[in-house]
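Input: a single structure, listed below in structure tokens.
Residue numbers (the working numbering): 958 to 1278.
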């Protein structure tokens, strides 16, 4: 049965308001995608934009001016890049009969909304993870002693090498380390990490007290982003096959944007187009399907995730045995 157009769907601010804290719930689940690729709003669904190469931004210039002479000038080259926002969405039916049968146990409409939100945001997280933990896009630096070898691993040395490599390629110092939660738990047990934390007096060096903030201090970075999102790759009805969205094979140091200034050099951005009613964390609407005797709850957004400067990042592989 064809779905009605968006214009026939009922906007559901009541359901959306109930999930205005959903981004916080997503954060608790470990969704970090929009922190790694911050959102920038665009006026058109697709378009071109000028990207100034890092070497142009950092090029030396003569600024001295002699009396009765003009000021020095120069020009710069820019590269043309593109974005194309795609609509991503998911629908959950709320069957009339089932709604009434289980009304004493749960609010079927709220559960349907939460499930639809989760599908949309979890898929966005996976797209960003696949984009960045990518050994084709980024040439990886292989680690000799994996970080789950607590006695022999040297993560401080590995990360410092990667940070300096990113700086040498881009002229910008990385400000973040991206790891998944399994790698985070391994790092807290590494002798090199414990010694740094213990003897520099950051916190109590017991593993449970070594936070992401303490690790960031140890690595001399602004932040350590710990991805905790998981996914089930099995089809419905099959035994669950659980894996983490961000692989434990990789880690990445990179420069993440800290402002909404599009000219700020960074690893990338999430482009969001709201012209068709989209909201970056998901727009909620519903419509009636009388054939199924159900209300259909839909969550959707229009986005494109784009890597802008690969030189701003260094991928590390062979992180886990």
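Just so you know, even glycine gets a beta-carbon here, dropped at the ideal spot from N, CA and C. Bear in mind the structure is a predicted one, so any value in this text is a computation, not a measurement.
Where residue i sits in the DSSP three-state scheme
i            : result
residue 1273 : strand
residue 1077 : helix
residue 1127 : helix
residue 1170 : helix
residue 1041 : strand
residue 1258 : strand
residue 1094 : coil
residue 969  : coil
residue 996  : strand
residue 1120 : helix
residue 1007 : strand
residue 1082 : helix
residue 1015 : coil
residue 1056 : helix
residue 1216 : coil
residue 1165 : helix
residue 1068 : helix
residue 1108 : coil
residue 1176 : helix
residue 1268 : helix
residue 1020 : coil
Residue interval of the alpha helix (DSSP H) (run including residue i)
i            : result
residue 1152 : 1148 to 1156
residue 991  : 990 to 993
Opposing strand residues paired with residue i [DSSP bridges]
i            : result
residue 1050 : 1253
residue 1144 : BP columns for residue 1144 are empty, so no partner.
residue 1031 : Looking at the DSSP assignment, residue 1031 forms no beta bridge with any residue, so it has no partner.
residue 1199 : 1189
residue 1229 : 998, 1260
residue 1036 : 1008
residue 1099 : 1274
Where residue i falls, given that 16 or more other Cβ within 10 Å makes a residue buried
i            : result
residue 1093 : exposed
residue 959  : Note that residue 959 scores 45 on pLDDT, short of 50, meaning its location in the model is unreliable and no value can be drawn from it.
residue 1199 : exposed
residue 1139 : buried
residue 990  : buried
residue 1186 : buried
residue 1257 : buried
residue 977  : Here residue 977 scores only 45 on pLDDT, less than 50, and its place in the model should not be relied on; the value that follows carries that caveat. Classification of residue 977: exposed, given that the 10 Å Cβ count is below 16.
residue 1237 : buried
residue 1081 : buried
residue 1018 : exposed
residue 1197 : exposed
residue 1090 : buried
residue 1137 : buried
residue 1025 : exposed
residue 1242 : buried
residue 1123 : buried
residue 1057 : exposed
residue 1192 : exposed
Residue j beta carbon less than 8 Å from that of residue i
i            : j            : result
residue 1141 : residue 1111 : no
residue 1055 : residue 1262 : no
residue 1253 : residue 1050 : yes
residue 1119 : residue 1273 : yes
residue 1226 : residue 1208 : no
residue 1045 : residue 1077 : yes
residue 1052 : residue 1268 : no
residue 1086 : residue 1042 : no
residue 1037 : residue 1029 : no
residue 1277 : residue 1103 : yes
residue 1065 : residue 1048 : no
residue 1224 : residue 1270 : yes
residue 1014 : residue 1222 : yes
residue 1083 : residue 1188 : yes
residue 1204 : residue 1146 : no
residue 936  : residue 1210 : No information on residue 936 is available, as it lies outside the stretch 958 to 1278 that the chain covers here.
residue 1113 : residue 1068 : no
residue 1033 : residue 1009 : yes
residue 1039 : residue 1005 : yes
residue 1219 : residue 1260 : no
residue 1178 : residue 1144 : no
residue 1127 : residue 1240 : no
residue 1154 : residue 1169 : no
Endpoints, the beta strand (DSSP E) within which residue i is located
i            : result
residue 1182 : 1180 to 1184
residue 1242 : 1240 to 1246
residue 1134 : 1133 to 1137
residue 1207 : 1207 to 1211
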